[in-house]
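Here is the structure we will look at.
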Amino acid sequence: MRATELSRDQEMIYSGHNACPGCAAALSVRYLTRALGPDLAIVLTASCWSIIAGVPPLTALKCPILHCPFPSAGAVGSGLKRGLKIKGFADTTVVVLAGDGGTFDIGLQALSGAAQRNEDLIFVCYDNEAYMNTGMQSSSATPFGARTATAPYPLFKEGQKKNIMQIMAAHSIPYAATATVAFPDDMIRKFKKADSIKGFRFIHVLSPCPPGWGTESSETIYLSRLAVATGAFPLYEISNGSRWEMTVQEEKRIPLSEYLNCQKRFKGMDPERMQALQKEVDHDWEVLMKRIT
Amino acid sequence: MPETKPILMQGNEACAEGAINAGVRFFAGYPITPSTEVAELMAAKLPDIGGVFMQMEDEIASMAAVIGASIGGMRAITATSGPGFSLKQENLGFAIMAEIPCVVVNVQRMGPSTGVPTAPSQGDIMQTRWGTHGDHPIIVFSPASVYETYYLTIAAVNLSQKLRQPVVLLLDEVIGHMREKVLIPGGGRLIVEKASDKAPADWKPYDDKGVTPLVPFGFGRYYHVTGLYHDQYGFPTSDPRQVERALDRLHDKLKKYRDEIVLTNYIGHREPKVAIVAYGCTVRSARAVIKKAYWQNRLPVGLLSLQTIWPFPDREIKELAEKADVIIVPELNMGQLVGEVERCACGRAEVIPLNRYDGEMITPDQLVEKMGRWLS
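In order, the protein sequences belong to chains A and B. Under the numbering used here, the residues of the first sequence are numbered 1 to 293, in order. Under the numbering used here, the residues of the second sequence are numbered 294 to 669, in order.
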């Protein structure tokens, strides 16, 4: 299904929500809810979306929202889905929406538990690569070399970004995929596909964040596209942990510097670090290519 | 001696600066409003002065890393707020049981649960006392100004080292985020006690005789550290006599050093008719009342501010209750410490709570209104 074919009647996010201009997370959830709605229940954990979803008397979403404690999204979602089934709402789709902190860091244990039990959930991680809601502190999703508020002196993040997709693949869940707002058709197809499958489904959405990444709000789509074109965020899907398929294939990968140079968080990055990050992306790309069936 | 310079500083900054001055060289934390500034400042400063800043994957891990660092000989702290403090409880109990020095900063926000992350509250008073399970001792300081935050952080680090006892520094959102002028004493004027690494020949990690200095791992002693009840060598035991003795030991440390731990401050009339007992940011409103009622109008009023909340300043309250007719306890909660005040006043004075829990401060006017009946 194409993005343009989504029914306008199924718009589930109100205008005037609390997201910053150019927020990819808001746009992703717009596609998500239109693709899956209207019989939806959303479990939210502490993240930008706990603000975007609304402060009374405003609400941003036309569906029930359960805003649960930070470490518990996967577990709360599991309980909700099982309870709904018994109560006769087996068809309601339970979506867990968490940021990178609530997925890669504090939420990992509950996520792993739910994935291992193959709970009937769609877990969507919108990854803006740091704790943006509290002011840009590092998370384990922050790429090497980025400046954050807590990356120790001289203030850039050390260590590689955690490869959450490999972790999810290792749980052999029915479906896992990556998506970005630069490729809405691909994103919606993945949401729809996830919806058609039973069991635990995981979607990793790269979510450029203008204030956190130091970019213009008009550049979100462009950046998302660059992330894919450079291979920093390849678009693929994994079925049952074993069948890996590329869904958007660029002819040739462009140098990573094009993606990094337009973000202030990488400003002043020395060539050595730039090269190290390029190497890391190349390595991940090779590993991914070996897995692609 | 370096000169004392006035600096404009935030409570959270004062906490980080105080910790560094007290020799803290290890910080493990996780972002949470309204305590994040402590972590951010530690991240910027520690690596430069030979320290370690670790951003952990969650609140539990932050507390756990602090425990590990402390046993390794580092002075270590972490900072958090309500939801994170709840998550740290099991590890906090472990540190108390295993007598591992550490300081946990809790910048209170409005709870329960996520509550209002940016609103002031004093809702964690009883949680700091009884948050982790079992009959444990705890030391809790609650500063009422940016400068108090600075020196109580130092006191917290010193005491935790000296007594091998975790200390909680309980700030509230107002104190954490408030900026005010501070005079930081020049080098050496605030005594930073050095823990001894050298153990006497008959050193036992959990000596029956009382507090033994911590010998960090790697300093010539092998011993066993556990959250199970243990004998004086640290080995697990369920022998009833040893279990009882071990728990008594934990509490006896605090009893023995009670006068060093319990810090209060009294201002106002010598023989007050109406007294206020306050802690944290509500001290500021109370002080404004005393300024007007006593310093200007010489009314028989007084303010006992508690820098130490636990162990509870029972003697000080008892003394106050003997003089005053009525004690007013303003708190930004539904009434937590007021019960303790009542218990210690033991009927000698009438104890009246003044509570506010809408995310706003108690104003001096509210206090004056409450006191009015007894002053007219």
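Ideal Cβ positions, reconstructed from N, Cα and C, are used throughout, including at glycine. The model shown is predicted, which means the values in this text are computed figures rather than measured ones.
For residue i, the three-state DSSP class (helix, strand or coil)
| i | result |
| --- | --- |
| residue 2 (chain A) | coil |
| residue 237 (chain A) | strand |
| residue 353 (chain B) | helix |
| residue 474 (chain B) | strand |
| residue 48 (chain A) | helix |
| residue 126 (chain A) | strand |
| residue 502 (chain B) | coil |
| residue 213 (chain A) | helix |
| residue 285 (chain A) | helix |
| residue 254 (chain A) | coil |
| residue 271 (chain A) | helix |
| residue 302 (chain B) | strand |
| residue 42 (chain A) | strand |
| residue 496 (chain B) | coil |
| residue 481 (chain B) | Its pLDDT being 49, under 50, residue 481 (chain B) is placed unreliably in this model, and the coordinates cannot settle the point. |
| residue 245 (chain A) | strand |
| residue 465 (chain B) | strand |
| residue 517 (chain B) | coil |
| residue 347 (chain B) | strand |
| residue 184 (chain A) | helix |
| residue 443 (chain B) | helix |
| residue 325 (chain B) | coil |
| residue 575 (chain B) | helix |
Beta carbon of residue i nearer than 9 Å to that of residue j
| i | j | result |
| --- | --- | --- |
| residue 583 (chain B) | residue 596 (chain B) | yes |
| residue 191 (chain A) | residue 248 (chain A) | no |
| residue 389 (chain B) | residue 431 (chain B) | yes |
| residue 497 (chain B) | residue 526 (chain B) | yes |
| residue 48 (chain A) | residue 217 (chain A) | no |
| residue 100 (chain A) | residue 130 (chain A) | yes |
| residue 658 (chain B) | residue 633 (chain B) | no |
| residue 637 (chain B) | residue 610 (chain B) | yes |
| residue 250 (chain A) | residue 228 (chain A) | yes |
| residue 107 (chain A) | residue 159 (chain A) | no |
| residue 146 (chain A) | residue 157 (chain A) | yes |
| residue 566 (chain B) | residue 614 (chain B) | no |
| residue 46 (chain A) | residue 18 (chain A) | no |
| residue 241 (chain A) | residue 169 (chain A) | yes |
| residue 655 (chain B) | residue 475 (chain B) | no |
| residue 492 (chain B) | residue 512 (chain B) | yes |
| residue 112 (chain A) | residue 197 (chain A) | no |
| residue 308 (chain B) | residue 345 (chain B) | no |
| residue 545 (chain B) | residue 503 (chain B) | yes |
| residue 128 (chain A) | residue 25 (chain A) | yes |
| residue 543 (chain B) | residue 643 (chain B) | no |
| residue 115 (chain A) | residue 135 (chain A) | no |
| residue 125 (chain A) | residue 202 (chain A) | yes |
Selected residue, minimal CA-CA separation from residue i, among the options
| i | options | result |
| --- | --- | --- |
| residue 297 (chain B) | B:460, B:462, B:440, B:509 | B:440 |
| residue 223 (chain A) | A:23, A:186, A:125 | A:23 |
| residue 443 (chain B) | B:472, B:455, B:457 | B:472 |
| residue 44 (chain A) | A:238, A:16, A:241, A:78 | A:78 |
| residue 569 (chain B) | B:457, B:667, B:509, B:347 | B:667 |
| residue 311 (chain A) | A:50, A:172, A:112, A:199 | Outside the shown range of chain A, which is 1 to 293, sits residue 311 (chain A), and nothing can be said about it. |
| residue 40 (chain A) | A:242, A:285, A:123 | A:123 |
| residue 219 (chain A) | A:261, A:10, A:288 | A:261 |
| residue 291 (chain B) | B:427, B:644, B:447 | With chain B covering 294 to 669 only, the question about residue 291 (chain B) has no answer from this structure. |
| residue 586 (chain B) | B:392, B:561, B:646 | B:561 |
| residue 437 (chain B) | B:535, B:400, B:499 | B:400 |
| residue 645 (chain B) | B:364, B:619, B:588 | B:619 |
| residue 499 (chain B) | B:445, B:532, B:513, B:517 | B:517 |
| residue 234 (chain A) | A:57, A:134, A:205, A:113 | A:205 |
| residue 520 (chain B) | B:509, B:427, B:642 | B:427 |
| residue 72 (chain A) | A:37, A:110, A:94 | A:110 |
| residue 314 (chain B) | B:449, B:397, B:468 | B:449 |
| residue 367 (chain B) | B:396, B:351, B:376 | B:396 |
| residue 13 (chain A) | A:171, A:3, A:38 | A:38 |
Cβ-heavy atom distance, residue i to the ligand HEM, below 8 Å
| i | result |
| --- | --- |
| residue 103 (chain A) | Absent from the structure shown: the ligand HEM. Ligands present: none. |
Inset, instruction - Within the stretch 610-657 of chain B, note down every full alpha helix (DSSP H) run reaching 4 residues or more, in order along the chain. - result: 631-638
Legend entry - Three or more C-beta pairs below 8 Å linking the stretch 406-413 of chain B and the stretch 644-657 of chain B: yes
Legend entry - Validate contact between the stretch 373-383 of chain B and the stretch 351-358 of chain B using beta carbons, cut 8 Å, 3 pairs: yes
Legend entry - Touch test, the stretch 585-595 of chain B against the stretch 620-633 of chain B, Cβ-Cβ under 8 Å, three pairs minimum: no
Legend entry - Sufficient close CB pairs (3 or more, under 8 Å) joining the stretch 205-215 of chain A to the stretch 252-259 of chain A: no
Inset, instruction - Just list the alpha helix (DSSP H) runs in the stretch 365-413 of chain B, keeping only unbroken ones of 4 residues or longer that don't cross its boundaries, in chain order. - result: 375-391
Inset, instruction - Pick out the complete beta strand (DSSP E) segments inside the stretch 51-100 of chain A, 3 residues or longer, and give them in chain order. - result: 65-68, 93-99
Legend entry - Stretch-stretch touch, CB-based, cutoff 8 Å, three pairs: the stretch 450-458 of chain B with the stretch 321-328 of chain B: no
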